[in-house]
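J.: When we follow our numbering, the leftmost residue of the sequence shown carries the number 954, and every step to the right adds one. One structure is given below, represented as structure tokens, and several questions about it will come after.
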Amino acid sequence: MELRIPSNHLPGGGSSREFEGKDHGAGLTLILVDVETGHGPNLHRHPYEEIFVVHAGAGTFIVDGSEVQGTAGDIVIAPAGTAHRFVNSGHDRLRLTAIHHNANFVTEWLEPLTPDQRYWSSEHR
954 MELRIPSNHL PGGGSSREFE GKDHGAGLTL ILVDVETGHG PNLHRHPYEE IFVVHAGAGT
1014 FIVDGSEVQG TAGDIVIAPA GTAHRFVNSG HDRLRLTAIH HNANFVTEWL EPLTPDQRYW
1074 SSEHR
């Protein structure tokens, strides 16, 4: 079991750190995300809830077709099975924690990914 989770590089100078619960005997998975303006994952869904805690910056979240603006201190919820995505829509870096209410990543991608978005589709997600 890892006691330290290193940073992964994202397109556009971003980074993430991933805690997958199944590797630690936990019932949830989370990602610490730090992305530049204009970046974020494509439309996708999970068979469980995903909860976003915005720590810094501003993001536009699309959840089940509705647009939600999230800024530092906000919590945005994507219910189980709903199509959702986010993008950094502010001028500064968007920093958030994405909490997956499951011991491992289960993701269905609903839009094709461009070559610079391949990170978001890692096999474990």
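By construction, the Cβ of each residue, glycine as well, lies at the ideal position given by its N, Cα and C atoms. Computed from a predicted structure; not experimentally measured.
Going by DSSP, name the residue or residues bridged to residue 997.
T.: One-based indexing of the sequence shown puts residue 997 at position 44. Beta-bridge pairing links residue 997 to 1037 and 1062.
J.: Rounded to whole angstroms, what is the Cα-Cα separation between residue 1013 and residue 980?
T.: Against the sequence shown, residue 1013 aligns to sequence position 60. Against the sequence shown, residue 980 aligns to sequence position 27. If I take the Cα positions, the gap works out to 28 Å.
J.: DSSP on residue 987, reduced to helix/strand/coil?
T.: Position 34 of the sequence shown, counting from 1, holds the residue named residue 987. In this structure, residue 987 counts as strand in the three-state DSSP scheme.
J.: From residue 1037 to residue 963, what distance separates their C-alpha atoms?
T.: Along the sequence shown, one-based indexing puts residue 1037 at 84. Along the sequence shown, one-based indexing puts residue 963 at 10. Approximately 19 Å, taken between the alpha carbons.
J.: Taking DSSP's pairing of strands, which residues face residue 1048 in a bridge?
T.: Within the sequence shown, residue 1048 is the residue found at index 95, counting from 1. According to DSSP, residue 1048 bridges with 987 and 1009.
J.: Thinking just about the alpha-carbon of each residue, which of 982, 977 and 986 is nearest to the one in residue 970?
T.: Position 17 of the sequence shown holds residue 970. Nearest of 982, 977 and 986 to residue 970, Cα basis: 986.
J.: Going by beta carbon distance, what residues of the same chain come within less than 6 Å of residue 1043, once the five residues before and after it are set aside?
T.: Indexing the sequence shown from 1 puts residue 1043 at position 90. Once the five neighbours on either side are set aside, the close Cβ partners of residue 1043 are 1010 and 1011.
J.: Verify whether the separation of the beta carbon atoms of residue 1006 and residue 1047 is less than 8 Å.
T.: Counting from one through the sequence shown, the residue named residue 1006 turns up at place 53. Counting from one through the sequence shown, the residue named residue 1047 turns up at place 94. Not closer than 8 Å, so no.
J.: Spatial neighbours of residue 972 within its chain, please: C-beta separation below 7 Å, excluding the five flanking residues on both sides.
T.: Stepping through the sequence shown from its first residue, residue 972 is reached at position 19. 958, 982 and 983, listed in sequence order.
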